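Report on the following structure.
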Amino acid sequence: MDSVSEVPLPARAGVRPAMQKRSQATLARILRAAHRLIAASELDAVSVADIVAAAKCSVGAFYTRFENKEALFLAVVDDMLARGRRRLDTAYARAADEDVIDTAVHEALEGCRVNAGILRSAIKLGLSEPRVWAPIRDYGQENAGRLYARLRQFSSVDETRLRFAFQVLHGSVLNTLLHDPGPLRLGTPAFAAELTRVFRLVLRAD
Numbered sequence: 000m001d002s003v004s005e006v007p008l009p010a011r012a013g014v015r016p017a018m019q020k021r022s023q024a025t026l027a028r029i030l031r032a033a034h035r036l037i038a039a040s041e042l043d044a045v046s047v048a049d050i051v052a053a054a055k056c057s058v059g060a061f062y063t064r065f066e067n068k069e070a071l072f073l074a075v076v077d078d079m080l081a082r083g084r085r086r087l088d089t090a091y092a093r094a095a096d097e098d099v100i101d102t103a104v105h106e107a108l109e110g111c112r113v114n115a116g117i118l119r120s121a122i123k124l125g126l127s128e129p130r131v132w133a134p135i136r137d138y139g140q141e142n143a144g145r146l147y148a149r150l151r152q153f154s155s156v157d158e159t160r161l162r163f164a165f166q167v168l169h170g171s172v173l174n175t176l177l178h179d180p181g182p183l184r185l186g187t188p189a190f191a192a193e194l195t196r197v198f199r200l201v202l203r204a205d
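According to numbering that gives the first Met the number 0, the sequence shown holds residues 0 to 205 in order.
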């Protein structure tokens, strides 16, 4: 989980593309360091100085690649989502049909757990900057579409109900991430089991 995605990231304002191998290596180190530090804390608690120290590069090298810390954060979000797509590709390829719902819930929880600080930061920034949360929202919709395409190969499933099941899943996970209301915690097996049960109940509801 600590390597920068091999998937090319979308071009963004404030991020200068790296053309030479040395520049690409520096960019990868900065993204890797930023991802690790922000995921473990939050964007506001991590400074550019923290990031360049962890990346073993200079402040000048940072500003050669990124206009500011917010531009870096948007690139970190893109990288997080690219990693998530690759992880889902692998998980769905390995999952038997009867286990694919459990896999979808597990991946949603695991992605939230390992990227907790990034998601908390994106939620807060997204209140005033919708473009920050938009790609994460779109990623969730994409995941619902992928699961729907998989399920309809072997069962009858209502797409709207499936997408609402994802809405319930994501709402519960993000509320727990932000507020930890209990009684179940984000990383506990019981939380995953109950979310899977609720997800299946929504799909079967009359």
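By construction, the Cβ of each residue, glycine as well, lies at the ideal position given by its N, Cα and C atoms.
Just so you know, these numbers come straight off a predicted model, no measurement behind them.
Environment of residue i [buried if 16+ CB atoms lie within 10 Å]
i: V172; result: buried
i: V14; result: buried
i: V6; result: Since pLDDT at V6 reaches only 47, below the 50 mark, its modelled position is unreliable, and the value read off the structure follows with that caveat. V6 comes out exposed.
i: N174; result: exposed
i: L161; result: buried
i: R203; result: exposed
i: G83; result: buried
CB-CB length for residue i against residue j, believed under 8 Å
i: A90; j: L168; result: At roughly 15 Å, the Cβ-Cβ gap does not stay under 8 Å, so A90 and L168 are not in contact.
i: D36; j: V45; result: Note that residue 36 is Leu in the sequence shown here, rather than Asp. So it is a contact: roughly 5 Å between Cβ atoms.
i: V75; j: H105; result: Going by Cβ atoms, the distance from V75 to H105 rounds to 23 Å, so no, they are not a contact pair.
i: F163; j: V201; result: 6 Å
CB of residue i within 8 Å of CB of residue j, strictly
i: W132; j: A121; result: yes
Reduced DSSP secondary structure (H/G/I, E/B, other) of residue i
i: F65; result: strand
i: V45; result: coil
i: V156; result: coil
i: R199; result: helix
Given residue i as reference, the closest of the options once Cα atoms are compared
i: Q185; options: P129, A115 and Y138; result: First, the residue type needs correcting, since residue 185 is Leu and not Gln in the sequence shown. Minimum Cα distance to L185 is reached at A115.
i: Q23; options: D88, F61 and A52; result: F61
i: L42; options: E193, A54, A81 and A70; result: A70
i: K55; options: L26, F72 and D77; result: L26
i: G139; options: C111, D157 and S155; result: C111
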